[in-house]
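Report on one structure; see the data block that follows.
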Amino acid sequence: MPFTLPPELLLIIIESSSGFPDNLDTDTLSRLCLVSRTALAVARPILYRKVPVHLESVVLKTRHRYHHIVTQNHVGNALRRYTHLAGYVEHLELGFESHLSSNQGLCEATRTLLGDCYRLNRLQINYNDNAKVIEEVLGSLAREENRLASSVTEIQTAYTGPESQIFLRRFPQLRSLKIPFFALGVEGSLGKPFPFHLERLNPPLDASPSLLLTLLANSTSTLIQLHVSSFQLIALSDHLRHFTSLRDVWITVGSEYCAMEEVGLVLHTLPALQYLNLAIHCTVALCFRHLPPRLQRLDLEGPDCEGVMRLLRTKTRHCLCRIGVPESEWESGEVKRAKEVGREVGVEVVEVVDWRA
Numbered sequence: 028m029p030f031t032l033p034p035e036l037l038l039i040i041i042e043s044s045s046g047f048p049d050n051l052d053t054d055t056l057s058r059l060c061l062v063s064r065t066a067l068a069v070a071r072p073i074l075y076r077k078v079p080v081h082l083e084s085v086v087l088k089t090r091h092r093y094h095h096i097v098t099q100n101h102v103g104n105a106l107r108r109y110t111h112l113a114g115y116v117e118h119l120e121l122g123f124e125s126h127l128s129s130n131q132g133l134c135e136a137t138r139t140l141l142g143d144c145y146r147l148n149r150l151q152i153n154y155n156d157n158a159k160v161i162e163e164v165l166g167s168l169a170r171e172e173n174r175l176a177s178s179v180t181e182i183q184t185a186y187t188g189p190e191s192q193i194f195l196r197r198f199p200q201l202r203s204l205k206i207p208f209f210a211l212g213v214e215g216s217l218g219k220p221f222p223f224h225l226e227r228l229n230p231p232l233d234a235s236p237s238l239l240l241t242l243l244a245n246s247t248s249t250l251i252q253l254h255v256s257s258f259q260l261i262a263l264s265d266h267l268r269h270f271t272s273l274r275d276v277w278i279t280v281g282s283e284y285c286a287m288e289e290v291g292l293v294l295h296t297l298p299a300l301q302y303l304n305l306a307i308h309c310t311v312a313l314c315f316r317h318l319p320p321r322l323q324r325l326d327l328e329g330p331d332c333e334g335v336m337r338l339l340r341t342k343t344r345h346c347l348c349r350i351g352v353p354e355s356e357w358e359s360g361e362v363k364r365a366k367e368v369g370r371e372v373g374v375e376v377v378e379v380v381d382w383r384a
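Just so we're aligned: 341 in my numbering is position 314 of the sequence shown, and the numbers increase by one with no gaps anywhere.
So, in structure tokens, the structure goes:
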């Protein structure tokens, strides 16, 4: 009997030969995630036979010790050999290990790989302490016409040097940009504003207001979600009120000693704010004398049951319908009392799992 996937299972993560049944019914396969060299070897005879009828996308993802597979030809050769598979790749994660030497062949292989993936939607570039190789590869990609500009809408990059800026300007259709680490000294070469209309931005934690405004120059009417530190939020206070679609704000770094009351004042100026995640250890009492009028959901990382109770009892709750408390506090007596009070006033108190886990 062939192994048939249930229709709700859209993703197979292949990490070893045991994760890919020999009798898999490929007609039911809709998503495929290749994460290791072993997985490619196991999947090859099945994918070589035919393209599964319902295959929607292929995710090529490097994980842990497999960071080298994309740039050392294992995935690249597979895609060149099975060109019918390349057209299904929607998510590609590039890893550059620190021991790799920079050479033209590496740039050419990466460029060819990206050129074949004409349906690519999400591109992730890992840093791995090899800025020299990344700069050459991104520079090579940035200066050559390719088919990616119209398809890639989401980029995550851990490298933000000058070549990365040139590279990012090639994607006017970009909607989501995540730079999870630091700006690495790009301030001196910002140049003209970036062309894309972002919906989601997770910038470097050390990014200056000028860098943030350059990234968001054309996004005042499109930005939906923003991850910033409390210090960055305050620095942008004169500008964020013009972002008419900004409804989700994540404050990812800060402290109770910075001007949290000023943070609350800035949040009050956001016309569309509906969701706030305070991923910092502070009390909501420091942030809010009154909640932003359209705020519907508030998630807290720090333990602040007293502040939660105050919010539940205040008459200025406005639209608030859900408060998330940390999982570490979920079994405490204070949270149990907060849940009871929440039921009385129509505000759900829920457990929030650490978003960084």
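From the three backbone atoms N, C-alpha and C, an ideal C-beta is built for every residue, glycine too.
Let's test the definition: count the other Cβ atoms within 10 Å of the Cβ of residue i and tell me whether it reaches 16, buried, or not, exposed.
i, result
"Val377", "exposed"
"His254", "buried"
"Asp331", "buried"
"Gly392", "A query on residue 392 cannot be resolved here, the shown segment of the chain reaching from 28 to 384 and no further."
"Ser191", "buried"
"His94", "No answer about His94 holds up, because its pLDDT of 34 lies below 50 and its placement is not dependable."
"Thr279", "buried"
"Glu375", "exposed"
"Val362", "buried"
Whole angstroms are fine: how far does the CA of residue j sit from the CA of residue i?
i, j, result
"His118", "Arg149", "5 Å"
"Arg349", "Asp275", "14 Å"
"Ala220", "Leu242", "In the sequence on display, residue 220 carries Pro and not Ala. Whole-angstrom Cα-Cα distance: 6 Å."
"Leu386", "Glu226", "This structure cannot settle anything about residue 386, because the visible part of the chain is limited to 28 through 384."
"Ile251", "Leu273", "4 Å"
"Pro199", "Arg370", "47 Å"
"Leu238", "Arg364", "45 Å"
"Ala244", "Pro222", "8 Å"
"Leu300", "His269", "12 Å"
"Ser235", "Glu163", "26 Å"
"Arg146", "Ile206", "23 Å"
"Val102", "Leu141", "With a pLDDT of 44 at Val102, under the threshold of 50, the modelled position of that residue is not reliable, and no figure is offered here."
"Leu339", "Val368", "7 Å"
"Pro298", "Asp143", "43 Å"
"Pro319", "Lys366", "22 Å"
"Asn229", "Val352", "23 Å"
"Ile182", "Gln151", "6 Å"
"Leu165", "His224", "21 Å"
"Gln259", "Val379", "24 Å"
Compute every distance between the C-beta of residue i and the non-hydrogen atoms of the ligand ZN, then say whether any falls below 6 Å.
i, result
"Arg349", "By its list of ligands, the structure shown contains no ligand whatsoever, and the ligand ZN lies outside what it can speak to."
Who pairs with residue i in a beta bridge, going by DSSP?
i, result
"Trp277", "His254, Asn304"
"Leu339", "Its beta-bridge partners do not exist; DSSP assigns none."
"Glu181", "Arg149, Ser203"
"Leu327", "Leu305"
Tell me the DSSP secondary structure of residue i in three-state form.
i, result
"His266", "helix"
"Ile350", "strand"
"Glu378", "strand"
"Ser203", "strand"
"Leu260", "helix"
"His295", "helix"
"Leu318", "coil"
"Leu175", "coil"
"Val102", "Unreliable positioning characterises Val102 in this predicted model, as indicated by a pLDDT of 44, which lies under 50. A coordinate reading is not provided."
"Phe198", "coil"
Using a beta-carbon distance below 7 Å, is residue i in contact with chain C?
i, result
"Ala299", "Protein chains in the displayed structure number just one, and chain C is not present."
At which residue ranges does the stretch 218-247 contain complete alpha helix (DSSP H) runs of 4 or more residues, listed in the order of the chain?
-> The qualifying runs are 236-242.
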